[in-house]
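Please read the structure below before turning to the comments.
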Amino acid sequence: MKYQKFQTVFGKLSWSHYCEILSISDDKERAFYERIIIYALMKSK
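In terms of the working numbering, the sequence shown opens at residue 4 and continues consecutively.
What follows is the structure, encoded as structure tokens:
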């Protein structure tokens, strides 16, 4: 599974967030947004 490492962080995302992330076909661009999301979620703890 591609996102297994981030299961706890991505568990906080809504379905619409997943749709937005998964709609990005470029792996580098998607990884960029994933890092932003992870940073924002970790910062809010």
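C-beta: ideal position from N, C-alpha, C; glycine also.
Practice problem: Could you spell out the range, first to last residue, of the alpha helix (DSSP H) harbouring Ser84? | Solution: There is simply no residue 84 to check, as the chain begins at 4 and stops at 48 in what is shown.
Quiz prompt | Alpha-carbon to alpha-carbon, Ser17 and Ile24 | solution = Here residue 24 refers to the residue found at position 21 when the sequence shown is read from its first residue. Here residue 17 refers to the residue found at position 14 when the sequence shown is read from its first residue. In this model, Ile24 and Ser17 are separated by some 11 Å (Cα to Cα).
Quiz item: Given Gly1, which residues of its chain have a CB within under 8 Å of its CB, disregarding the five upstream and five downstream residues?
Solution: Residue 1 cannot be examined here, being either before or after the span of the chain that is shown, 4 to 48.
Quiz item: So what's Lys46 in DSSP terms, helix, strand or just coil?
Solution: Taking the sequence shown and counting its residues from 1, one reaches residue 46 at position 43. Residue state for Lys46 is assigned as helix, using DSSP reduced to three classes.
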